[in-house]
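Student: Before I ask anything, let me first share the structure, which is written out below as structure tokens.
There are 2 protein chains.
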Amino acid sequence: MSREQTQQKILDAAESLFAESGFNDTSLRQITSNAEVNLAAVNYHFGSKKALIQAVLQRYLQVVMPRLELQFELLLARQKATRLPEVLAVFVQPLLDLEQVKPKGTTLFLQLLGRGYTDVQGHLRKFISHHYGSVLNKFVLLVQQSCPALDAAEIFWRLHFSLGTVVFTMASSEALFDIAAADYQQESDIESVIRRLLPYLAAGIAAPVNHPFDSMAQATL
Amino acid sequence: MSREQTQQKILDAAESLFAESGFNDTSLRQITSNAEVNLAAVNYHFGSKKALIQAVLQRYLQVVMPRLELQFELLLARQKATRLPEVLAVFVQPLLDLEQVKPKGTTLFLQLLGRGYTDVQGHLRKFISHHYGSVLNKFVLLVQQSCPALDAAEIFWRLHFSLGTVVFTMASSEALFDIAAADYQQESDIESVIRRLLPYLAAGIAAPVNHPFDSMAQATL
DNA sequence: GTACATTTCAAACAAGCGTTTGAAATGGAG
DNA sequence: CTCCATTTCAAACGCTTGTTTGAAATGTAC
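One line per chain: the protein sequences are V and S, in this order.
All residue numbers in the first sequence are consecutive under this note's numbering, ending with 221.
All residue numbers in the second sequence are consecutive under this note's numbering, ending with 1221.
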């Protein structure tokens, strides 16, 4: 068996298990068993479990990140500031294109992203901001331009709120799909969830800062 | 040493470590070492690690949940439907009151809640919906009354989006505090984060369903 | 076909985990 | 002080984890 075949079998088995059970709760023995390779193959081909996790994520990041960066650059080159819904809409097509990388690619990637942020605290955050910081910066700049009423700190918090929404929803998307199907008899593919997310995120990020706060203070007295 | 003293030392040590590192990444040896009790004390007093986790959460849930339920019942008894920001504002005071249960209680509880939802998939969700389902149902009812334009499925998704925001923000609140303090020189206590959250959540939950979707479809062409 | 490098494999390693055990210590009640 | 139940303690158990090892198998070039 060629080097590439073995590595790919490992990556394919690993990403499914990682997406379903998380990184910590997936053992190398499960991975190598599903991939039908020897236990030692992971350490031989990737060096360590940590490096395998990064390789799994990199397969998707190196596809989706350049496409996002291109779209962000196009919007930044325009004369007028882009409206927030259009900035967020940039994510849709590059994410859906991951279906062409491999079947279920979009769901897998978003679940892996969710796992990466919730399982091992901070590792993925540092990895992404180190390797793809320029992409993130362009996105933040576009959001700032689209929401001139918000200062930088407010945008920082609201973007992290949004990250939480996405990451948590995707990490537990399978459970949510099941509940939604049972209780509301509705179709639940990843694309429909993404399209449900965008209005929520756009409204949350662009929310007025004062009014709900005042009515809250009133209510708590 | 009395039974209560030992149990409390274990609970105190456990909740700090759980909040900081998560349930899976905190060992009984760390807990009993910090609590200055014998390793076997956890199994003797609580039965198992799983039961300890539930006991840690119960200390806060049994305080906060009845207070929330009372407030929800008061709002449901009113003649007119409550506006969404006021419904969400109900959470503020009961959560802040946890500071009186013990110092840093609010932060600890919310971090534990975040850990519980992200660490072991589904366990906490079932535990809460089983023991406090009536509280949750009253809250959902209030949200539905405040947002008559949204059908039940849309509210289901948006409340889970909001849960993701809260849970993710709180689970990684320490890291976010550090970044915010370094980059924006701003105070970062749990109350200010809660007050930042409310407008975001209120706007997201009550977002219009159509407009952002249309402009997105236009942008992706 | 021999020689060499690459890849696979079964086996073992050291470390950590939650849990259990049985004896020692401690605490009140009679 | 004695008795008995409660609580502590050191030690070990059985299991899983990621990683390493050295020999066997495979592939490749001469």
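Cβ coordinates follow ideal geometry from the N, Cα and C atoms, glycine included.
Just so we're clear, the structure is a prediction, and the values are computed from it rather than from any experiment.
1) Looking at C-alpha atoms only, which residue of S:Pro1103, S:His1123, S:Glu1174, S:Gly1204 is the closest neighbour of leucine 1159 of chain S?
2) Any Cβ of chain V within less than 7 Å of the Cβ of threonine 1169 of chain S?
3) Should leucine 95 of chain V go down as buried or exposed, given a rule of 16 or more other Cβ atoms within 10 Å for buried?
4) Using the rule of at least 16 other Cβ atoms within 10 Å of the residue's Cβ for burial, across every protein chain shown, is glutamine 71 of chain V buried or exposed?
5) Drop a sphere of 10 angstroms on the beta-carbon of glutamine 79 of chain V, count the other beta-carbons inside from all chains shown, and report buried for 16 or more, exposed for fewer.
6) Between tyrosine 184 of chain V and chain S, is the shortest Cβ-Cβ distance under 7 Å, so that the two count as touching?
7) From V:Glu86, V:Met1, V:Tyr44, V:Ser33, pick the residue whose C-alpha is nearest to that of serine 146 of chain V; which is it?
8) Can you list, in chain order, the residues of the stretch 1149 to 1163 of chain S whose Cβ is nearer than 9 Å to any Cβ on chain V?
9) Is the CB-CB distance between phenylalanine 46 of chain V and arginine 115 of chain V below 7 Å?
10) Put arginine 1083 of chain S into one of helix, strand or coil per three-state DSSP.
11) Please report the straight-line C-alpha distance between phenylalanine 1177 of chain S and valine 143 of chain V, rounded to a whole angstrom.
12) Please compile the residues from chain S whose C-beta is within a distance smaller than 7 Å of the C-beta of arginine 196 of chain V.
13) Which residues in chain S have a C-beta closer than 9 Å to the C-beta of valine 209 of chain V? List them in chain order.
14) Go ahead and label arginine 1003 of chain S buried or exposed: buried means 16 or more other beta carbons lie within 10 angstroms of its beta carbon, across all protein chains shown.
15) Between V:Gln8, V:Ser27, V:Leu75, V:Thr165, which lies nearest to lysine 138 of chain V when the distance is taken from Cα to Cα?
16) Let's see if you can read the secondary structure: which residues bound the alpha helix (DSSP H) around threonine 1118 of chain S?
17) Take phenylalanine 1127 of chain S as the anchor and find which of S:Asp1183, S:Phe1018, S:Gln1062, S:Asn1034 has the nearest alpha-carbon.
18) Residues of chain V with CB under 7 Å from asparagine 1024 of chain S, in chain order?
19) Output the distance between the C-alpha atoms of leucine 163 of chain V and glutamate 174 of chain V, rounded to the nearest integer angstrom.
20) With DSSP run on the structure shown, which of helix, strand or coil describes glycine 1133 of chain S?
Tutor: Reading from the atomic positions:
1) For this step, residue 1159 of chain S is matched to residue 159 along the second sequence. Nearest of S:Pro1103, S:His1123, S:Glu1174, S:Gly1204 to leucine 1159 of chain S, Cα basis: S:Gly1204.
2) For the purposes of this step, residue 1169 of chain S is identified with residue 169 of the second sequence, where counting begins at 1. Judged by the 7 Å Cβ criterion, threonine 1169 of chain S is in contact with chain V.
3) Counted from its first residue, the first sequence places residue 95 of chain V at position 95. Counting Cβ neighbours within 10 Å, leucine 95 of chain V comes out buried, since at least 16 surround it.
4) As a first step, residue 71 of chain V is located in the first sequence; it is residue number 71 there, counting from the start. Result: buried.
5) Numbered from 1 along the first sequence, position 79 holds the residue referred to as residue 79 of chain V. So glutamine 79 of chain V counts as exposed.
6) Translated into positions along the first sequence, residue 184 of chain V becomes position 184. It does; some Cβ of chain S falls within 7 Å.
7) Locating residue 146 of chain V in the first sequence gives position 146, counting from the first residue. Among V:Glu86, V:Met1, V:Tyr44, V:Ser33, the Cα nearest to that of serine 146 of chain V is on V:Glu86.
8) Asp1151, Ala1152, Ala1153, Glu1154, Phe1156, Trp1157, Arg1158, His1160, Phe1161, Ser1162, Leu1163
9) Along the first sequence, read from residue 1 onward, the residue named residue 46 of chain V stands at position 46. Along the first sequence, read from residue 1 onward, the residue named residue 115 of chain V stands at position 115. Contact: no.
10) One-based indexing of the second sequence puts residue 1083 of chain S at position 83. Correct three-state label for arginine 1083 of chain S: coil.
11) Walking along the second sequence from the start, residue 1177 of chain S turns up at place 177. Walking along the first sequence from the start, residue 143 of chain V turns up at place 143. Cα to Cα, phenylalanine 1177 of chain S sits roughly 21 Å from valine 143 of chain V.
12) Numbered from 1 along the first sequence, position 196 holds the residue referred to as residue 196 of chain V. Correct list: Trp1157.
13) Within the first sequence, numbered from 1, the residue matching residue 209 of chain V stands at position 209. Result: Arg1196, Pro1199.
14) Within the second sequence, the letter at position 3 stands for residue 1003 of chain S. With fewer than 16 Cβ atoms within 10 Å of its Cβ, arginine 1003 of chain S is classed as exposed.
15) Taking the first residue of the first sequence as position 1, residue 138 of chain V is located at position 138. If we check each option's Cα against that of lysine 138 of chain V, V:Leu75 comes out closest.
16) By one-based count along the second sequence, residue 1118 of chain S stands at place 118. Counting along the chain, the alpha helix (DSSP H) containing threonine 1118 of chain S begins and ends at 1105 to 1118.
17) Reading the second sequence from its first residue, position 127 is the one you call residue 1127 of chain S. It is S:Gln1062.
18) Residue mapping note: residue 1024 of chain S aligns to position 24 of the second sequence, counting from 1. Chain V residues near asparagine 1024 of chain S: Asn24.
19) The residue labelled residue 163 of chain V in the question sits at position 163 within the first sequence. The residue labelled residue 174 of chain V in the question sits at position 174 within the first sequence. So the two alpha carbons sit approximately 18 Å from each other.
20) Taking the first residue of the second sequence as position 1, residue 1133 of chain S is located at position 133. Reduced to three states, the DSSP call for glycine 1133 of chain S is helix.
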